[in-house]
Structure formats: structure tokens, C-alpha cells
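Take a look at the structure below.
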Amino acid sequence: MKRIISLILIFVMATSLAACASGQGSAGKGKITVTDMAGREITLDEPAQRVVALTAADCEILYAIGAGDTLVGRGEFCDWPAEVLEVPSVESGYETNIEQIIGLEPQVVLMGTMAQTEEQVNALEEAGIKVVVSDAQNIEGTYTAIEMIGKLMGKEENAKKIIDDMKATFDAISADAEKIKGSVYFEVSPLEYGLWAAGKGTFMDEIATMMGLENIFADVDGWAEVSEEQIIERDPDYIVTITMYFGEGPTPVDEIMGRAGWDGIKAVKNGCILNLQNNELSRPGPRLAEGAQALYDFITGSAQELDNAA
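Taking my numbering, the leading residue of the sequence shown gets 974, the next gets one more, and so forth.
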């Protein structure tokens, strides 16, 4: 039997309640101070050496800046890079196991907004643990999160290089925007569990815009539940799905190709469907640039094939 892992619950929990305050902080003598992404000032006596990260994006940021060895606990959705699976997994979300986290003796817990209750946060802080909110909702917020975590870990230069590399990739893609035409539908939850799409203000929407694509759901904010009828009517040139299937059954692309009534959609007729299964486009971390590059390569390659077939 097939099992589908969808990120939509994470998306819903991560909607617009975060105030993306600046992650730049000030450092007094021997101290590190940052303002987290909920506007809270956090001070450490020294770079953090023991960290629990409850979101997958923050785990990826820690490894990318060279601080993966400080991770003593991870949320259950943290699965990249592969070595993170060797780190003890802790329950997160509303079922967060506070006692388990305290038992890991972290100096810092990185979490997103709406994932934990006020009582849970208070319990961590009463145990002497610094709680830092990292909750990027767009590309600029991703830079803020990387910069903030880099400062907490004493890895500012590494964080800056990652941000610079991401910006360089995005700039190169933007430079070719005039060459790309068409519309795209980002499917973040499959038909079986109710269709959800990436709308205005999401990093997927930003990436589509930077490469000259029209997001067919740019008229809705954030992550939105949509209908088959809307998608069929809006008739996207390209479909991007982040669904992952395990076990027997059709691939995500085959499942979309076989949906009743979808055969008239241009993306389906032309086979212009991309399945990104490694979360490059679904997590606000360093790999967003990789996801953007993969989407760019797919769009330009598909367009060339269609031109050749014309």
C-alpha cells in the first residue's frame, strides 16, 4: 500500500503569524545577541554548542553553515542531509515532548511559530534553555534565518557565503526572465488529501516571478486550498508537485497525468510536470536556490522540446 508524505500540515502551521524581524544582532563583549523572527531578543554568553532544531529548514541551515555537529536533537520531519537521521528525533508540534528536549540538555531550541504552546515555551525557558523562533515565509526571510542562526553559532562568515551564493543563483535566473513564458501551478498537497497550492507571498511564488512565470494562484495569499475546477479553468503550462510516494502505486507525475478531466490542461497534454521530491522548493533554507535552478532547467528544457516538436 502506498503512503504519501505531504508537507501541507507544516505549511498551514507556518502561515503569516510570524513577524519577520531582523536577524541581525549586536554582540557585547563575550556575548552574542540576536533578535529572533518573533521579535524577541536572545542573548548567549558564547556561540551555541548544543542545539535542538524542531524544523527541517533549521536543521538544513545548521549543516550548511558547518554547525551540524552541535545538533543534539531534531524534529521528526528533519531528514536532510542524511547524517541528520543519526541525531535523536524528538516529538514536535502540539505534541512536543518538552521533557525529552530538556533531557538532551540543549543551550538553544530553534522552532517555528505556532508549533509549540506558550506553556511549552515557558517550560523550556524555565529550564534555562534559550528558545529562538526561526520562521521564514519568503526568500528574504530565509536570508534572515540563515544570518540569525549563523550569528548564534559563531558562523557568520559561512552564513554570509551561503546567502551570497543563493543571491547569485537567483540573479542569474532573473537575468533570463524575459526568455521564459507561461504559467505554473505549484501543488503542495495531492488530490487524495485535498489540493493545496502555493499562492502569493510564498517562496515558490517568488521563484516563479523571478523567472518570468505566472503563478496561476497568485491571486490568493499564502498556502491555499484549491479545487480541481479552478486548476482546469486556469490551465497552467507547467505543474510542479512536491508530493512523495513510497511503495507501490503510480508516481506523482503519473497520478496527475491520470486524473479525470485533467487531460485538457496544457501541462498534462505536453507532459510538462515536474516532481521535486527532495524538498528543495518546500523548505525555506539554503537549498531553495537548488530548487529554483532545477525548476529553471526544467522549464527551459521543456520549452525547447515543445519548440522542436512544433
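Even for Gly, the Cβ is constructed at its ideal location relative to N, Cα and C.
All values reported here derive from a predicted model rather than from experimental measurement.
Write down every uninterrupted run of the beta strand (DSSP E) in the stretch 1204-1246 whose length is 3 residues or greater and which is fully enclosed by it, in chain order.
Here the runs fully enclosed are 1211-1214, 1217-1219.
Would Ala1181 be called buried (16 or more neighbouring beta carbons within 10 Å of its own) or exposed?
Buried, because 16 or more other Cβ atoms sit within 10 Å of the Cβ of Ala1181.
Which runs of the beta strand (DSSP E) spanning at least 3 residues fall entirely within the stretch 1048-1111, listed in chain order?
Listed in chain order, they are 1081-1084, 1103-1106.
For Ile1246 and Met1230, I'd like the C-alpha separation in whole angstroms.
Rounded to the nearest angstrom, the two C-alpha atoms are 9 Å apart.
Name the residue from Glu1198, Ala1267, Gln1073 whose alpha carbon lies nearest to the alpha carbon of Asn1248.
With distances taken between Cα atoms, Asn1248 lies closest to Ala1267.
Here's the rule: buried if 16 or more other CB atoms are within 10 angstroms of the residue's CB, otherwise exposed. What is Ser1275?
The residue is buried, with at least 16 neighbouring Cβ atoms inside 10 Å.
Examine the Cβ distances between the stretch 1149-1168 and the stretch 1178-1192 and report whether three or more of them are shorter than 8 Å.
Yes, they touch.
Which whole runs of the beta strand (DSSP E) in the stretch 1145-1174 are 3 residues long or more, in chain order?
Whole beta strand (DSSP E) segments, 3+ residues: 1156-1162, 1169-1171.
How is the beta strand (DSSP E) around Glu1198 delimited, first residue to last?
From DSSP, the beta strand (DSSP E) with Glu1198 extends over 1196-1198.
In its own chain, which residues sit with a C-beta less than 7 Å from the C-beta of Ala1191, not counting the 5 before and 5 after it?
Answer for Ala1191: Gly1172, Lys1173, Asp1178, listed in chain order.
Ordered along the chain, which non-local residues of its own chain (more than five positions away) have a Cβ less than 7 Å from that of Ala1021?
If we look at Ala1021 and ignore the five residues flanking it on each side, its Cβ neighbours are Thr1043, Gln1080, Val1081, Leu1125, Met1126.
Pick out whichever of Ala1030, Glu1202, Ala1170, Gly1041 has its Cα sitting closest to the Cα of Gly1195.
Ranking the options by Cα distance to Gly1195, first place goes to Ala1170.
Compute the Euclidean distance between the alpha carbons of Thr1090 and Leu1097, then round it to the nearest angstrom.
Rounded to whole angstroms, Thr1090 to Leu1097 spans 11 Å at the Cα level.
Can you have a look at Gly1046 and say buried or exposed, based on whether 16 or more other CB atoms are within 10 angstroms of its CB?
The residue is buried, with at least 16 neighbouring Cβ atoms inside 10 Å.
If you reduce the DSSP assignment to three classes, tell me which class Leu1268 lands in.
Here Leu1268 sits in helix by DSSP.
How long is the line joining the alpha carbons of Lys1239 and Asp1138, rounded to whole angstroms?
Cα-Cα distance, rounded: 34 Å.
Looking only at C-alpha atoms, which of Leu1168, Gly1167, Ser1200, Asp1210 sits nearest to Asn1188?
If we check each option's Cα against that of Asn1188, Asp1210 comes out closest.
Which of the three DSSP states, helix, strand or coil, is assigned to Ile1189?
Coil, per DSSP.
Check the C-beta distance from Glu1064 over to Gln1073 and give it rounded, since I have them as a contact under 8 Å.
The pair is a contact, with the Cβ atoms about 7 Å apart (cut-off 8 Å).
Could you tell me if Gly1085 is buried or exposed, where buried requires 16 or more neighbouring beta carbons within 10 angstroms of its beta carbon?
The residue is buried, with at least 16 neighbouring Cβ atoms inside 10 Å.
Just confirm the distance between the C-beta atoms of Ala1150 and Gly1185, as a whole number of angstroms; I'd bet it's less than 8 Å.
With a Cβ gap of about 4 Å, Ala1150 and Gly1185 count as contacting.
Could you check if Tyr1036 is buried or exposed, using at least 16 other CB atoms within 10 Å of its CB as the buried criterion?
The residue in question, Tyr1036, is buried, as its Cβ has 16 or more Cβ neighbours within 10 Å.
What residue does the alpha helix (DSSP H) around Thr1182 start on, and which one ends it?
First-last of the alpha helix (DSSP H) with Thr1182: 1176-1183.
Using three-state DSSP, classify Leu1125 as helix, strand or coil.
Correct three-state label for Leu1125: helix.
Check whether the Cβ atoms of Thr1115 and Pro1257 sit closer than 8 Å, and answer yes or no.
Taking 8 Å as the Cβ cut-off, Thr1115 and Pro1257 qualify as a contacting pair.
Suppose the cutoff is 7 Å on Cβ atoms and the five residues either side in sequence are ignored; what does the same chain contact list for Gly1264 look like?
Leu1249, Glu1253, Leu1254, listed in sequence order.
Please identify the residue among Ala1026, Ile1112, Ala1040, Pro1054 whose C-alpha is closest to the C-alpha of Val1106.
The residue with the shortest Cα to Cα distance from Val1106 is Ala1026.
Could you work out which residue in Val1226, Val1057, Ile1205, Leu1261 is closest to Trp1235 when comparing CA atoms only?
The option with the nearest alpha carbon to Trp1235 is Ile1205.
Could you name the residues that DSSP lists as bridge partners for Thr1028?
DSSP lists no partner for Thr1028.
In chain order, what residues of the same chain lie with their CB nearer than 6 Å to the CB of Ala1132, ignoring the 5 residues before and after it?
So the qualifying residues of the chain are Ile1038, Ile1119, Glu1120, Gly1123.
Go ahead and label Thr1028 buried or exposed: buried means 16 or more other beta carbons lie within 10 angstroms of its beta carbon, across all protein chains shown.
Thr1028 should be labelled buried.
By how many angstroms is the C-alpha of Ile1112 removed from the C-alpha of Asp1208?
Answer to the nearest angstrom: the Cα atoms are 27 Å apart.
When the Cα of Thr1273 is compared with those of Gly1076, Lys1103, Glu1049, Lys1154, which residue comes out closest?
Of the listed residues, the one whose Cα sits closest to Thr1273 is Lys1154.
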